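Numbering (this note's numbering), first residue to last: 1162 to 1820.
What follows is a short report on a single structure.
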């Protein structure tokens, strides 16, 4: 009977209670994302009090509770309630000491204690935060310096100096640290004064930088004295400093600074660029100054071919370790190839590849060695070279060209204007899981937070990835920064990911796809080509403006826009509307159609879009178009030559990624 009694109690009391608890817990689990989303919206709108209130609705049994506490801490910190923020950060850290957010939480907790004047607790946490293994410092030394400045001025100075030396995530206090250092009353040594001066210089406070540089022997900071005076507008002083110090100090300064000084000094001379740089070369050679390779390279770039060739040979022979030697050797090679001296060109290309590894001209010289071997009827050797280029540099312009040559494909320069295959639309790019290197647990958490609109949270993760940062920036509609971050990340990869990966889709994104597809269909232009051209013109920055006043997505010059408005017979106030994305695309695509009809050649229209119709007409008369590879390398405008390669590289990559 007792057993039956227990069964009845279980049925009547325990089970209903358990069901009630489960239902209650399930309701909490369902409601938590709603409250979290509301909290994120309020937080992003700057309404931190309502954000705090909504995050506070999430119960302890919810999987989102810890992150809700963390967001409460951030909300309280935003409104200056440092006591409550500290309480919440501490609660988060007690429960999640090893979270990807713990490093930021610890640093923020220390800042809260600092603002509460609880300096001992703050000091312990700043030191703990500083000593934790991470890629960069948050800037703990700045606050440690503030804590110590009334106790131990020497120790405070050391902290401020360390802060100025560090590779930091938090760079907002550089000027403040320099000013605090100056107010300690401690005499700085020469190296410390140089460090402070450089800090002001880096932040474009040139007059303030000069206060420190002027107190240091010129042998230590001559280059910075010249540069700071120039940028501060003291050009007469800068010129005198160059003339009085160049013999004494030029051999001890940073190479980049010396080159900048040479640039500045030639700009002070009266005459043409070639005349001024020739004069600079005489000065450098007569006085045996460093940097002759740089000046030779500058003069060569302004000189006729034969004279330039002599200078390139001198750089390559006399300065084989110079940064300008690989490009100089390329120019020597190209001169021999252009003269049809293929045996001589072959030797120079082989020398280049043996001497210089992974420089800017590596893929170019390798590709042209392959073309040279074809000229010498060494087809097997040529194919081996092309195969290696494709394998190692699959997304490089020359890698793509090599792939087409191996496939005997002659359509590299022909865009697909007739079939009108549109770019795919509406695809949501998922979080790049395979490229994030996060643990499964952290991946799940990040994805959950992103699904609730909390993209800002990634900034607090103790983790660095340009690809993930690119994805994050795209979510914030920062199209240009997103594409550039992904591009740079891929460039740094030794092994390239699949063309179908998130990395390439971030580096080569699709924006304004509907408008581009419509323009392509109406004007018989390949939408993949239009997208590639827009990417290279503006990186999708609709407000982009060049030094020559080209504007918008397709970087239209006002004269070009006005011409197309007149030709199309439409009424658009161009100066006001040229940056409007739809207007810019409409005029730019119609200009492409005009060039297409004018040249009936995709390569020439691309060159004309950048270099102008008149220039292209001259180049066609001067250089043979039987081999478009040769024609491109002979384009005399550096910008146009590079531009053509970039556009066709992007075009073929877009096709690989999305077709």
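Backbone N, C-alpha and C define an ideal beta-carbon position, used for all residues, glycine too.
From a predicted model like this one, the values you see are computed outputs, not experimental measurements.
Beta carbon of residue i nearer than 7 Å to that of residue j
{"i": "residue 1621", "j": "residue 1196", "result": "no"}
{"i": "residue 1642", "j": "residue 1616", "result": "no"}
{"i": "residue 1474", "j": "residue 1456", "result": "no"}
{"i": "residue 1354", "j": "residue 1361", "result": "no"}
{"i": "residue 1460", "j": "residue 1438", "result": "yes"}
{"i": "residue 1701", "j": "residue 1640", "result": "yes"}
{"i": "residue 1209", "j": "residue 1239", "result": "yes"}
{"i": "residue 1660", "j": "residue 1816", "result": "no"}
{"i": "residue 1276", "j": "residue 1250", "result": "no"}
{"i": "residue 1669", "j": "residue 1765", "result": "no"}
{"i": "residue 1748", "j": "residue 1769", "result": "no"}
{"i": "residue 1559", "j": "residue 1525", "result": "yes"}
{"i": "residue 1271", "j": "residue 1283", "result": "yes"}
{"i": "residue 1678", "j": "residue 1584", "result": "yes"}
{"i": "residue 1575", "j": "residue 1763", "result": "yes"}
{"i": "residue 1506", "j": "residue 1497", "result": "yes"}
Bounding residues of the alpha helix (DSSP H) (the contiguous stretch that carries residue i)
{"i": "residue 1472", "result": "1466-1479"}
{"i": "residue 1675", "result": "1674-1684"}
{"i": "residue 1441", "result": "1434-1447"}
{"i": "residue 1495", "result": "1486-1499"}
{"i": "residue 1347", "result": "Premise fails: residue 1347 is in no alpha helix (DSSP H) and is neither H nor E."}
{"i": "residue 1528", "result": "1523-1536"}
{"i": "residue 1245", "result": "1243-1256"}
{"i": "residue 1648", "result": "1640-1653"}
{"i": "residue 1632", "result": "1627-1636"}
{"i": "residue 1601", "result": "1601-1612"}
{"i": "residue 1713", "result": "Taken as a continuous stretch (DSSP letters only), residue 1713 belongs to no alpha helix (DSSP H), as it is neither H nor E."}
{"i": "residue 1570", "result": "Careful: residue 1570 lies outside any alpha helix (DSSP H) and carries neither H nor E."}
{"i": "residue 1692", "result": "1688-1699"}
Per-residue burial, residue i [other beta carbons within 10 Å of its own, 16 or more giving buried]
{"i": "residue 1487", "result": "buried"}
{"i": "residue 1704", "result": "exposed"}
{"i": "residue 1200", "result": "buried"}
{"i": "residue 1285", "result": "exposed"}
{"i": "residue 1681", "result": "buried"}
{"i": "residue 1185", "result": "Low local confidence applies: a pLDDT of 43 at residue 1185 is under 50, so the model's placement there is unreliable, with the coordinate-based value given in what follows. So residue 1185 ends up on the exposed side."}
{"i": "residue 1405", "result": "exposed"}
{"i": "residue 1809", "result": "buried"}
{"i": "residue 1745", "result": "buried"}
{"i": "residue 1612", "result": "exposed"}
{"i": "residue 1344", "result": "exposed"}
{"i": "residue 1322", "result": "buried"}
{"i": "residue 1408", "result": "exposed"}
{"i": "residue 1805", "result": "buried"}
{"i": "residue 1412", "result": "exposed"}
{"i": "residue 1333", "result": "exposed"}
{"i": "residue 1638", "result": "exposed"}
{"i": "residue 1531", "result": "buried"}
{"i": "residue 1698", "result": "buried"}
Rounded separation between residue i and residue j - CA only
{"i": "residue 1410", "j": "residue 1476", "result": "23 Å"}
{"i": "residue 1183", "j": "residue 1193", "result": "Low confidence applies here, because residue 1183 scores a pLDDT of 38, under 50, leaving its location unreliable; read the following figure in that light. Approximately 15 Å, taken between the alpha carbons."}
{"i": "residue 1527", "j": "residue 1586", "result": "38 Å"}
{"i": "residue 1785", "j": "residue 1778", "result": "12 Å"}
{"i": "residue 1441", "j": "residue 1427", "result": "7 Å"}
{"i": "residue 1318", "j": "residue 1236", "result": "33 Å"}
{"i": "residue 1820", "j": "residue 1565", "result": "17 Å"}
{"i": "residue 1753", "j": "residue 1791", "result": "24 Å"}
{"i": "residue 1482", "j": "residue 1519", "result": "14 Å"}
{"i": "residue 1653", "j": "residue 1803", "result": "20 Å"}
{"i": "residue 1563", "j": "residue 1554", "result": "10 Å"}
{"i": "residue 1568", "j": "residue 1674", "result": "30 Å"}
{"i": "residue 1783", "j": "residue 1797", "result": "11 Å"}
{"i": "residue 1648", "j": "residue 1692", "result": "16 Å"}
{"i": "residue 1828", "j": "residue 1557", "result": "Residue numbering for the chain in the displayed model covers 1162 to 1820; residue 1828 lies beyond these limits and cannot be assessed."}
{"i": "residue 1307", "j": "residue 1432", "result": "53 Å"}
{"i": "residue 1259", "j": "residue 1601", "result": "15 Å"}
{"i": "residue 1687", "j": "residue 1712", "result": "22 Å"}
{"i": "residue 1279", "j": "residue 1264", "result": "20 Å"}
{"i": "residue 1217", "j": "residue 1225", "result": "11 Å"}
{"i": "residue 1253", "j": "residue 1599", "result": "20 Å"}
{"i": "residue 1403", "j": "residue 1300", "result": "37 Å"}
Below-7 Å beta-carbon distance, residue i vs any chain D residue
{"i": "residue 1309", "result": "In the displayed structure, chain D is absent; only one protein chain is listed."}
Quiz item: Taking only runs of the alpha helix (DSSP H) that begin and end inside the stretch 1199-1239, which ones reach a length of at least 4 residues, in chain order?
Solution: 1209-1216 and 1226-1239
Quiz item: Going along the chain, which unbroken runs of the beta strand (DSSP E) with 3 or more residues stay wholly within the stretch 1736-1801?
Solution: none
Quiz item: For the stretch 1275-1316, which segments carrying the alpha helix (DSSP H) assignment without a break, of at least 4 residues, lie completely within its bounds, in sequence order?
Solution: 1280-1292 and 1301-1309
Self-check item: 4-residue-minimum alpha helix (DSSP H) runs that sit fully inside the stretch 1322-1398, ordered along the chain
Solution: 1335-1343, 1351-1363, 1367-1374 and 1379-1392
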